[in-house]
Structures are given as structure tokens and as C-alpha cells.
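First to last, the sequence lines map onto chains A and B.
Each residue of the first sequence is one higher than the one before, counting from 1 in the UniProt record's numbering.
Each residue of the second sequence is one higher than the one before, counting from 1 in the UniProt record's numbering.
The beta-carbon is built from N, C-alpha and C at its ideal position, and this holds for glycine as well.
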Amino acid sequence: MLRAITLLGFAFLYAPILSLVIYSFNESRLVTVWSGFSTRWYAELLQDDQILGAAWISIKVATLSATLATVLGTLAALALIRHGRFRGRPALGGLVTAPLVMPEVIIGLSLLLLFVAMDNLIGWPAGRGVLTIVIAHATFGTAFATVVVQARMVSLDRALEDAAQDLGAHPLRVFFDITLPGLAPALISAWLLAFTLSLDDVVIASFVAGPGASTLPMVIFSKVRLGVSPEVNALATLMIATVSILVLAASFRSWRR
Amino acid sequence: MTDPQPLLRIDSVTRTFGDVYAVDDVSLDIRQGELFCLLGGSGSGKSTLLRMLSGFDAPSRGRIVIDGQDMAGVPPHRRDTNMMFQSYALFPHMTVERNIAYGLRRAGIGRAETVVRVREMLELVQLDKLAGRKPDQLSGGQRQRVALARALARRPKLLLLDEPLGALDKKLREETQLELKKIQETLGITFIVVTHDQEEAMTLADRMGVMQEGRIVQVGTPREIYEFPRSRFVAGFIGTVNLFDGTITQDRDTDAVIDSPQAGGPIRIPHAITGTVGQSVTVALRPEKLVIGRAPSEAHDNHLSGQIRDIVYQGGLSVFHVTLDTGMTVRVTRTNRVRDEGAAIAAGDRVALGFSGQSVVVLPS
Chain A
1 MLRAITLLGF
11 AFLYAPILSL
21 VIYSFNESRL
31 VTVWSGFSTR
41 WYAELLQDDQ
51 ILGAAWISIK
61 VATLSATLAT
71 VLGTLAALAL
81 IRHGRFRGRP
91 ALGGLVTAPL
101 VMPEVIIGLS
111 LLLLFVAMDN
121 LIGWPAGRGV
131 LTIVIAHATF
141 GTAFATVVVQ
151 ARMVSLDRAL
161 EDAAQDLGAH
171 PLRVFFDITL
181 PGLAPALISA
191 WLLAFTLSLD
201 DVVIASFVAG
211 PGASTLPMVI
221 FSKVRLGVSP
231 EVNALATLMI
241 ATVSILVLAA
251 SFRSWRR
Chain B
1 MTDPQPLLRI
11 DSVTRTFGDV
21 YAVDDVSLDI
31 RQGELFCLLG
41 GSGSGKSTLL
51 RMLSGFDAPS
61 RGRIVIDGQD
71 MAGVPPHRRD
81 TNMMFQSYAL
91 FPHMTVERNI
101 AYGLRRAGIG
111 RAETVVRVRE
121 MLELVQLDKL
131 AGRKPDQLSG
141 GQRQRVALAR
151 ALARRPKLLL
161 LDEPLGALDK
171 KLREETQLEL
181 KKIQETLGIT
191 FIVVTHDQEE
201 AMTLADRMGV
211 MQEGRIVQVG
221 TPREIYEFPR
231 SRFVAGFIGT
241 VNLFDGTITQ
251 DRDTDAVIDS
261 PQAGGPIRIP
271 HAITGTVGQS
281 VTVALRPEKL
291 VIGRAPSEAH
301 DNHLSGQIRD
311 IVYQGGLSVF
321 HVTLDTGMTV
331 RVTRTNRVRD
341 EGAAIAAGDR
351 VALGFSGQSV
361 VVLPS
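Here it is as C-alpha cells:
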């Protein structure tokens with residue numbers, strides 16, 4: 001009985017993905033009709049400059065915004081955990097994590113208005129494009145990174161940092177020698193989370209992207225509106241494969257320890 | 001005790017947290033090469049005092065002078081002190097070797113010299129074979145040694161140890177106490193050990209200071225503290241003690257008498273005491289100073305009588321709980337010199353307790 005329910009649960013979660021993978025190898029142009037095994041959509045995908053270009057932009061945006069979010073999130077967590085009580089601490093704690101619960105439409109719209117106003121006032125950021133998407137994604141990525149890093153920092157033994165300083169290390173040195181390695185697992189998680197969220201986002205990106213800077217999800221979304229192409233299935237399968245390999249590698253590494 | 005230049009001088013140091021006096025006007029001189037124990041319960045201020053010595057906390061008032069240099073405003077990484085942390089605080093991502101080398105590298109000691117000194121330290125704590133291990137691959141006792149080696153590697157003027165043996169089990173702790181003392185004597189480095197364990201303090205210390213509510217209430221050798229406590233608190237904190245309330249009824253140059261209703265009569269002391277006739281005092285008597293027998297013996301100048309309530313057999317030692325005729329219960333310990341000696345006296349028996357008036361300590365109530 002329990003087994004059956006478990007299987008049902010897995011089916012509910014993964015059957016759609018599985019069907020997508022299977023249909024990515026479909027010969028037919030019609031997504032719903034199976035006409036034989038083929039890899040032609042993968043070949044066409046590699047010819048599609050629009051999709052490849054968008055994928056490149058997405059990876060660029062995700063890498064930059066995840067890095068920015070991890071740095072800012074770590075600094076925010078440091079301030080919140082290691083600097084005791086200071087004026088504005090409760091406000092910082094609340095505001096830094098607010099984007100977690102804020103509707104994406106509102107974040108997107110407000111950032112768009114901000115960018116337009118700034119462009120008019122100080123001329124920066126000039127127009128909308130990769131830079132504005134990176135900034136927007138870093139904003140909500142920081143919220144997630146702060147939460148992840150904060151949780152780790154709380155459990156980090158303060159005595160380790162004291163010991164390093166006692167042994168003659170300048171506080172800045174202590175941070176790089178002791179605190180950062182201690183936070184490393186959280187930093188990796190935070191970066192991967194921010195990276196994934198950025199790669200995944202279509203709502204906020206649609207607001208703040210300019211002409212010529214469409215991310216991959218935006219391109220897929222617009223393509224699907226004209227009818228689902230098997231090419232998109234092939235693309236999705238590649239993305240799933242990449243993510244699965246990364247996740248497996250990560251769990252293999254932690255299992256070996 | 002008025003050394004012209006002690007290694008460490010703590011001069012009227014006070015540390016307050018809001019209205020709370022964590023450390024309250026403590027003055028203390030510690031000599032070069034000494035092993036000094038700070039003994040006190042939790043919240044007695046001993047750890048706060050240690051943190052001020054290492055520089056992680058600063059006195060609200062008073063001065064700390066190490067080797068002639070005032071430590072005010074000197075951060076921990078610029079102090080010639082090292083600390084062994086209660087949790088050991090070994091760096092989990094570094095091997096034993098790199099843990100020990102960390103302080104040496106920060107002191108600007110070259111690679112070659114560091115390797116030599118790390119070797120020395122590993123040999124000193126007998127961990128040569130485990131140099132390449134990570135802390136989580138070590139036992140509790142081994143971690144303790146690494147922590148000690150790491151703290152000693154820089155050859156500090158002053159080594160501060162916060163409950164250094166607290167995390168070890170009893171047997172290992174006893175072995176390690178002796179080893180720690182040996183290492184300290186070999187290197188000649190001044191140690192300050194903070195502990196709440198009075199047995200540990202007695203075993204380790206050249207001198208010890210007993211702390212209570214932020215103050216040092218008595219400083220002395222372990223023997224002085226045990227045999228001549230100056231207050232009820234110290235008498236009760238170090239070892240067990242029987243306390244009799246009484247009044248001085250006679251005080252002459254050669255002898256004194258204290259009348260104690262709790263003891264059921266006068267307690268005779270064969271020397272003068274400080275105090276005046278009529279003053280209320282407490283007489284402290286250690287359990288091992290009492291001799292238990294069926295009848296009063298001629299050998300003692302003081303006697304008590306009562307009934308055995310309970311006998312706790314502890315192997316080498318038996319503890320007798322004796323209810324005196326006055327209703328007070330005293331503890332008496334006796335070494336079990338002969339195997340079946342304990343069987344002679346059983347719970348419920350009437351006994352006589354004898355002690356010498358030389359062995360008591362008269363304390364202000």
C-alpha cells in the first residue's frame with residue numbers, strides 16, 4: 001500500500017518531465033504524435049542562433065547575479081549575526097529577506113520604474129539589458145543567499161575565530177582563513193540557489209530586459225506562445241540533464257566524505 | 001607575595017555588564033613559571049577574567065600588566081598570551097600539523113623553522129603519528145593534546161587554559177593532569193588554568209585562587225586552601241567539611257574553648273585563636289580528621305557520640321554518615337586498610353568519634 005502511494009507520488013512529480021524527455025526524441029513536428037525515434041531536434045537546436053544566444057545571456061546573467069548575491073548575502077549575514085545589536089538591525093533583517101515573499105510582478109515593475117527613473121536622472125544604467133537583469137536578479141538572489149548563509153553562520157563555532165585571532169591572526173585574516181572555509185558549504189548552496197533562480201526567472205526578467213537581451217526562459221515562453229516546438233523539448237532535456245549531473249556530482253561528493 | 005616584577009599583575013580589575021559585577025576588584029600577582037589555578041563555580045567570573053587576560057574582553061576599571069607592559073588596548077592577536085579553549089576550537093578544515101603551524105606562520109616564522117617546531121610539539125604531546133589527520137578523526141584525548149600543542153607552539157609568556165580537561169572522562173583526566181603538569185615544568189611557561197573542578201585544581205596548582213561572585217576570596221597553595229580555609233565558602237567549596245556553629249567561651253595564649261550546641265559540648269583547641277570571648281564562630285572539621293570507634297579513645301582531646309545512619313562504601317574509602325546525639329549529621333571518612341574492616345561497624349550502631357583540636361579551623365560565622 002505504502003509502496004503504491006510512493007510510486008504514485010513519484011509519478012505525479014516526474015511523469016510530465018519523463019514525457020517531455022521522451023518526446024524530445026520524437027521524429028514528428030507535432031508534439032503530441034509519436035512517429036519514431038530521432039535526434040533531429042537536437043541538431044536543429046544547435047543551429048538556432050536565437051536560442052543559443054539567449055542561453056548564453058542566461059548563463060552570463062545567472063553567473064554574475066549569483067556571485068553578486070552570494071557576496072552581498074554573506075555580508076548581510078555577517079552584519080546580522082556577528083555584529084550584535086546595532087541601530088536598524090531589525091529593519092535590515094526584515095528588509096533583506098522581504099523579496100522572498102514579495103510577488104515577482106511587483107519586484108519586476110518597481111525595478112523597471114527605478115531603472116527608468118535612474119536612467120533619466122543620472123544616465124545609469126543606460127537603457128535596459130544584461131546589466132539591469134543582473135541587478136534585478138541579484139536583488140532577490142541576495143535574499144535567498146542571506147537566509148542560507150545566516151543559518152550556517154549561526155552554527156559556526158565562534159571559538160574557532162577567537163582561537164585564530166589568539167594565535168596571532170588579524171581579524172581580516174581570520175575571516176579568510178577560518179570563517180570563509182567554515183561557510184563554504186553554505187556559500188556553494190547559496191550560489192547554486194541564486195544561479196538556479198536566476199536561470200529560471202521569466203517574470204522579473206521580462207520587466208527589466210531591454211531589446212536584444214532576452215534570457216532563455218523569455219525566448220522559450222515567447223516560442224511556446226506560437227505553438228510548442230519539439231526543439232524546446234530538446235532544450236529542456238538538455239537542461240534537465242545538466243542539472244541532474246550537477247546534483248548527482250554534489251551528492252556523490254558529500255556522500256564520499 | 002610582593003614580587004617586584006611579577007610576570008602578570010592584575011591590578012584592581014573590575015568588569016561590569018550593566019549592573020552586574022562579573023569581576024569585582026580583583027588584584028593578583030602571578031610569578032614567572034607558576035601554574036596558577038582559578039577555581040570557582042559557574043558565574044564566579046573566572047572565565048571573564050581569563051577573557052580579559054587574552055584580550056577578548058577589556059576591564060571596565062583596573063590594569064592588566066604582562067611582563068611590565070600595560071595590556072590596555074592591545075588586541076588578542078598582538079598579545080604574547082595563548083589560550084587553550086574549552087571546546088579546543090581546532091580548525092576542522094586543517095590537519096593536526098597545520099593547526100599547530102597556524103600560530104607559528106602568523107608570527108612570521110619561516111617554513112623550515114615551522115616544520116621543526118611543529119615536530120617538537122607533536123613529540124611533546126606524543127602525537128607524531130597523527131600529524132596528517134583532521135580533527136574529526138581524533139579521539140577526545142588526542143584533540144585535547146593538539147589544542148595544547150597549538151597553544152604552546154608560539155612559546156607564549158602566558159598560557160591560559162579554560163577548563164582544559166573538562167571534556168575528558170575521569171580516568172583520562174587524572175592521567176592528563178599529571179602530564180600537563182610535567183609539560184608545564186619542562187617548558188617553564190606560566191600557566192593559568194580556569195576550572196570548576198576542585199580536585200583538578202588541587203592536583204595541578206602551585207598556587208590557586210578561589211573565586212566567588214566576581215571576587216577572589218582566597219589565594220594560596222592547595223594545602224593552605226584545604227587546611228586553612230578562611231571562610232565557610234572556601235571550606236565548603238574545596239572538599240567536604242563538617243561545620244559546627246558555636247560561641248567562644250575561653251581564649252587564652254595556650255588554648256581556647258568553643259561551646260557548640262551542635263557538637264553537644266565544648267570543642268577544645270590547644271592554641272590561641274583570633275576572636276573574642278562571646279563571639280559566634282563556625283568550627284570546620286574535615287571528614288578524614290575524625291576517627292570512628294566503638295568507644296572513646298584516649299588518643300584524642302575531643303569526642304562526639306552518635307549513631308551510624310548510613311555507610312557509603314567507595315572501594316578505597318568508606319564514608320560514614322553519623323547522626324550525633326544533638327541531631328546533627330556529620331561525615332566521617334576512613335580508608336579501608338583491611339579488607340573486612342567495614343563489617344565491624346554497621347548502620348544503626350552507636351559509635352564514638354574522636355578528633356584532635358589541632359585539626360579544626362575556626363572561621364568567622
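>> In this structure, how does DSSP classify ILE345/B when only helix, strand and coil are distinguished?
In response: Three-state DSSP puts ILE345/B in coil, outside helix and strand.
> If the cut is a Cβ gap below 7 angstroms, which residues of chain A does GLY103/B touch?
Replying inline: For GLY103/B, the chain A residues whose Cβ falls inside 7 angstroms of its Cβ are LEU167, GLY168, in order along the chain.
> In chain order, what residues of the same chain lie with their CB nearer than 7 angstroms to the CB of ARG337/B, ignoring the 5 residues before and after it?
Replying inline: No residues qualify anywhere along the chain.
> Rounded to the nearest angstrom, how far is the Cβ of SER27/B from that of ARG61/B, given a contact under 8 angstroms?
Replying inline: The pair is not a contact, with the Cβ atoms about 12 angstroms apart (cut-off 8 angstroms).
> When burial is assigned at 16 or more other CB atoms within 10 Å of the CB, is ALA271/B buried or exposed?
Replying inline: Residue identity check: residue 271/B is His in the sequence provided, not Ala. HIS271/B should be labelled exposed.
>> So that I know if they touch, is there some Cβ in chain B lying closer than 8 angstroms to that of ASP49/A?
In response: No - not a single Cβ of chain B is within 8 angstroms of the one on ASP49/A.
>> Give the list of continuous beta strand (DSSP E) stretches no shorter than 3 residues that lie fully inside the region 72-138 of chain B.
In response: Listed in chain order, they are 81-84.
>> Using the Cβ count rule (16 or more neighbours within 10 Å means buried), how would you classify MET1/B?
In response: Note that MET1/B has pLDDT 48, beneath the 50 cutoff, so the model's placement of it is unreliable and the number below is only indicative. That one is exposed.
>> Below 8 angstroms, how does it come out for the region 100-112 of chain A and the region 165-185 of chain A: are there three or more Cβ pairs, yes or no?
In response: As far as the Cβ criterion goes, the region 100-112 of chain A does not touch the region 165-185 of chain A, which means the pair count is below three.
>> Mapping the DSSP letters down to three states, classify PRO270/B as helix, strand or coil.
In response: It is coil, neither helix nor strand.
>> For the alpha helix (DSSP H) containing PRO181/A, name the first residue and the last one.
In response: Segment 180-200, the alpha helix (DSSP H) holding PRO181/A.
> Shortest alpha-carbon distance to ALA205/B belongs to which of VAL74/B, GLU224/B, GLY275/B?
Replying inline: Nearest of VAL74/B, GLU224/B, GLY275/B to ALA205/B, Cα basis: GLU224/B.
> How would you call GLN250/B, buried or exposed, if buried means at least 16 neighbouring beta carbons within 10 angstroms?
Replying inline: Exposed: under 16 other Cβ atoms inside 10 Å.
> Who are the Cβ neighbours of PRO156/B in its own chain at under 8 angstroms, not counting the five residues just before and after it?
Replying inline: Shown here for PRO156/B: same chain residues with a beta carbon closer than 8 angstroms to its own, the five before and five after excluded, namely ASP80, THR81, ASN82, ILE189 in chain order.
> Can you tell me whether DSSP reads MET1/B as helix, strand or coil?
Replying inline: Residue placement at MET1/B is poorly supported in this model, since its pLDDT is 48, which falls under 50; the coordinates still yield a value, given next. Coil, per DSSP.
> Just curious, the alpha helix (DSSP H) that VAL147/A is in, first and last residue?
Replying inline: That run of the alpha helix (DSSP H) goes 130-155.
> Taking the alpha helix (DSSP H) that GLN198/B falls in, what are its first and last residues?
Replying inline: Where GLN198/B is concerned, the enclosing alpha helix (DSSP H) stretches over 198-204.
> Who are the Cβ neighbours of LEU216/A in its own chain at under 6 angstroms, not counting the five residues just before and after it?
Replying inline: Taken in chain order, the residues that qualify are ALA54, ALA55, SER58.
> For SER280/B, which residues does DSSP report across the bridge?
Replying inline: Its beta-bridge partners are THR247/B.
>> Which residue marks the beginning of the beta strand (DSSP E) containing GLY293/B, and which one marks its end?
In response: For GLY293/B, the enclosing beta strand (DSSP E) begins and ends at 291-293.
> ARG331/B bridges to which residues according to DSSP?
Replying inline: The partner list for ARG331/B (beta bridge, DSSP) reads HIS321/B.
> With respect to the alpha helix (DSSP H) encompassing GLY141/B, which residues constitute its N-terminal and C-terminal limits?
Replying inline: Its alpha helix (DSSP H) spans residues 140-152.
>> Under DSSP, the alpha helix (DSSP H) around MET52/B begins and ends at which residues?
In response: Element bounds for MET52/B: 46-54.
> GLN307/B by DSSP, collapsed to three states: which one?
Replying inline: It is a strand residue.
> To the nearest angstrom, how far is it from the Cα of VAL96/A to the Cα of ALA145/A?
Replying inline: Approximately 10 angstroms, taken between the alpha carbons.
> What do you get for TRP34/A, buried or exposed, if any count of 16 or more other CB atoms within 10 angstroms of its CB means buried?
Replying inline: Flag for TRP34/A reads exposed.
> With a cut-off of 8 angstroms, does the C-beta of PRO6/B fall near any C-beta of chain A?
Replying inline: No, because no Cβ of chain A sits closer than 8 angstroms to the Cβ of PRO6/B.
> Is the Cβ of ARG350/B closer than 8 angstroms to any Cβ of chain A?
Replying inline: No - not a single Cβ of chain A is within 8 angstroms of the one on ARG350/B.
> Got a sec: is the Cβ-Cβ distance from ARG154/B to anything in chain A below 8 angstroms?
Replying inline: True, the Cβ-Cβ gap to chain A drops below 8 angstroms.
> How close, in whole Å, do the beta carbons of SER305/B and ASP325/B come, if the pair is a contact with beta carbons under 8 angstroms?
Replying inline: Going by Cβ atoms, the distance from SER305/B to ASP325/B rounds to 6 angstroms, so yes, they are a contact pair.
> Closest by CA to GLU288/B, which one among GLU179/B, THR335/B, GLY275/B?
Replying inline: Between GLU288/B and the set GLU179/B, THR335/B, GLY275/B, the nearest pair of CA atoms involves THR335/B.
>> Relative to the C-alpha of GLU163/B, which candidate in PRO135/B, ALA89/B, THR114/B has its C-alpha closest?
In response: Minimum Cα distance to GLU163/B is reached at ALA89/B.
>> Counting only Cβ pairs nearer than 7 angstroms, list the residues of chain B close to ILE178/A.
In response: Proximity of chain B to ILE178/A at the Cβ level (cut-off 7 angstroms) is accounted for by PHE91, in chain order.
> ALA159/A CB to nearest chain B CB: under 8 angstroms?
Replying inline: Closer than 8 angstroms to some Cβ of chain B, the Cβ of ALA159/A qualifies, so yes.
> How long is the line joining the alpha carbons of LEU183/A and THR74/A, rounded to whole angstroms?
Replying inline: One C-alpha to the other measures close to 9 angstroms.
>> For the beta strand (DSSP E) containing ARG252/B, name the first residue and the last one.
In response: In the DSSP annotation of this structure, ARG252/B is not part of any beta strand (DSSP E), being labelled neither H nor E.
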